[in-house]
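To start, the structure itself, in structure tokens.
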Amino acid sequence: MSTLTLPPRAEIPDQYKWDAESVFPDQAAWQAEFDAVLAALSQLDAYRGCLAESTDILISALELAQQLQKRMWIVYVYAALHHSVDTQDQNAAAMNGAVNGLMGRAAAATAFVDPELIALGETTLKQWMETDPRLVTYAHYFDNLFRKQKHVRSAEVEQVLGMLADPFSGAYMGHSMLNSADMRFKPAVGSDDSEYEVAQGTIYTLLDSPDRATRQTAWENYRDVYLDFRNTMASQLETSIKQNVFTMRARHFDNTLEMALDEQNLPSQVFHNLLANFKKNLPTWHRYWRLRQKALGIESLRTYDIWAPLRRETRALPFEEAVEWICAGLAPLGSAYVEIVRRACLQERWVDAMPNRGKREGAFSSGTPGTHPFIVMSYDNNMGALSTLAHELGHSMHSYLTWQKQPMIYTGYGMFVAEVASNFHQAMIRAYMLKEITDPTFRINILEEAMQNYHRYFFIMPTLARFELVTHERVGAPNAVQDYLGFLSAGSSKYPLDALRDAGVDMAQPEPVEAAFQVLASYVDQLEELVG
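Residue 11 is where the sequence shown starts when you use the working numbering, and the numbers rise one by one after that.
As structure tokens, this is what we get:
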């Protein structure tokens, strides 16, 4: 019996690790800057209560806040990435915890700015911009601030909300540590009795195995550990939702969905349109599941079959070859763009590419002005890994170009546009490869990757969005029992529809009936499972 396991971090070649030294030469330099930023936050106190005195004072305060934010984010990136690539490293975990505390302190230190600007007034700020062109840079920032002004609280309340950032990160950080560092999974066992290590960095590789026994045991061993911790994770989720509801009420939003969308000035209809179209197009997914079941030659399609290759032969794609495919596919964006991508992957070490023990799950792009964009992933030599690399490079190039062109105050971008560049990368490269490649098996690999990407964005994410909406609505409506008892007590003192609305059920809308059919479907699913 053979056993395949993940290597420790120390065994990964440097060429496949992110270039930490490009941010700070060592931890001592990081610690020195951490301490310096923490001490410098007190410089902002000199401007508290003074922003309305002159344009010079206002500009100095805004510039200082942006300078400190830039330095703070560089400190954060160094600590967070060290923790992400090895969550079992206790020193990195301590650094990450410390920097989260620093961010909370920074939020509290700058909390006076927005309330003082609102008190100054939009009319005055517009007049100041006409007389002092240095303020024109902040025009969109001011416009957005006054759009949101009814949700900006007093300086004292804003300071408290800023101070809550660190303790409010506890549920997420606890889940992250449990997920990436503390969970231990039994190995998957293949049909030939070979054993394979199950970890966050290997699970999707194992689910992509042509051997069904490997897939099944990998999934079941992975799933069972999550079920073992279901009460802990439910508590973490509940805490996180309660924190969101607390912030919603503190900022005077009607609901958490409105709060989430308001930051990017999005109407709730955008969200509801997505969910409506998701439900409308579910038959397309049912058709795909039937096709997949037929292609795999199995009687029943299980969760562990969703990622199974439709052909036993798959094309190996080493990291360097993947980079060349990506660069070729991105050629229409220009040689300068492509050269940045190639240099990022093969020379400047933007990518922490390979799986190792303790590496956090998934893939992401990070970084800040003053550093490279950095990518953390677990590259495993297949089409899915190539696509993930292309996706994260899309995020990284979006960030890189934004940082090149925008002042610090505009170097972020909202989640609503964040996935555009990443998915555009994937679409371009996929189209190029389908044009160039004639081998049927390789083409199937590419189309399978496309389906997996659609599965993520047009099945998993809308499903999770529906779940988040329902859970936040329930926690945000703590008087549900009283409302129901009030309905029972109403008798005929109200019209039936009004009485039901008071209980939280609007029968003039489709949602209550849809919810009933969802319960029916869940019962059918359970009965099918039991009856066979």
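For every residue, glycine included, the Cβ atom is placed at its ideal position computed from N, Cα and C.
Collapsing the DSSP output to three states places residue 331 in a helix. Closest option to residue 441, judged by alpha-carbon separation, among 289, 210, 505 and 336: 336. The segment 436 to 513 is shown to contain whole alpha helix (DSSP H) runs of 4 or more residues at 450 to 465, 471 to 485, 490 to 499 and 506 to 512, in chain order.
For the alpha helix (DSSP H) assignment, the uninterrupted runs of no fewer than 4 residues enclosed by the segment 223 to 299 are, from N- to C-terminal side, 240 to 260, 266 to 272 and 278 to 290. Of the candidates 457, 64, 470 and 475, 475 places its Cα closest to the Cα of residue 278. The C-beta of residue 307 has fewer than 16 other C-beta atoms within 10 Å across all chains shown, which makes the residue exposed.
For the segment 121 to 180, the continuous alpha helix (DSSP H) assignments of 4+ residues that do not extend past its boundaries occur at 123 to 130, 132 to 141, 149 to 157, 165 to 173 and 175 to 178, in sequence order. By the 16-neighbour rule on beta-carbons within 10 angstroms, residue 190 is buried. Judged by DSSP in its simplified three-state form, residue 361 adopts strand. Residue environment: residue 181 is assigned as buried (16 or more neighbouring CB atoms within 10 Å of its CB, all protein chains considered). Annotation for residue 70: the continuous alpha helix (DSSP H) segment containing it runs 65 to 95.
Annotation: residue 204 to residue 520 spans about 51 Å, alpha carbon to alpha carbon. Look at residue 386 here: in three-state DSSP terms it is strand. The beta-carbon separation of residue 368 and residue 98, rounded to 4 Å, stays under the 8 Å limit for a contact. According to the DSSP assignment, residue 406 belongs to the alpha helix (DSSP H) that extends over 393 to 415.
The segment 274 to 289 makes no contact with the segment 159 to 169: fewer than 3 CB pairs, one atom from each, lie closer than 8 Å. Residue 104 sits in a helix when the DSSP states are folded into three classes. For residue 44, the enclosing alpha helix (DSSP H) has its first and last residue at 37 to 50. Per DSSP, the unbroken beta strand (DSSP E) holding residue 375 starts and ends at 374 to 376. Note on geometry: alpha-carbon atoms of residue 377 and residue 458 lie some 31 Å from one another. Under the three-state reduction of DSSP output, residue 523 falls in the helix class. Note: residue 199 is bridge-paired with 205 in the DSSP secondary-structure output.
Of the candidates 91, 293, 414 and 78, the residue whose Cα lies closest to the Cα of residue 112 is 78.
Around residue 453, the same chain offers 444 and 447 as residues with beta carbons nearer than 8 Å, after the five sequence neighbours per side are excluded. Annotation for residue 149: 139 place their beta carbon closer than 8 Å to its own, counting only its chain and skipping 5 residues before and after.
The beta carbon of residue 126 sits closer than 6 Å to those of 61, all from its chain and outside the five residues before and after it, given in chain order. Residue 63 counts as exposed, since fewer than 16 other beta carbons sit within 10 angstroms of its beta carbon. Here residue 199 is near residue 227, since their CB atoms are less than 8 Å apart. The alpha-carbon separation between residue 65 and residue 509 amounts to approximately 56 Å.
Around the C-beta of residue 157, fewer than 16 other C-beta atoms lie within 10 Å, and the residue is accordingly described as exposed. Bounds of the alpha helix (DSSP H) holding residue 214 are 213 to 217. Under the three-state reduction of DSSP, residue 31 is assigned to helix. For residue 356, the enclosing alpha helix (DSSP H) has its first and last residue at 345 to 356. Looking at 206, 345, 329 and 344, the one whose alpha-carbon comes closest to that of residue 363 is 329.
The alpha carbon of residue 171 has as its nearest neighbour, out of 143, 147 and 119, the alpha carbon of 119. The alpha-carbon of residue 221 is positioned some 8 Å away from that of residue 322.
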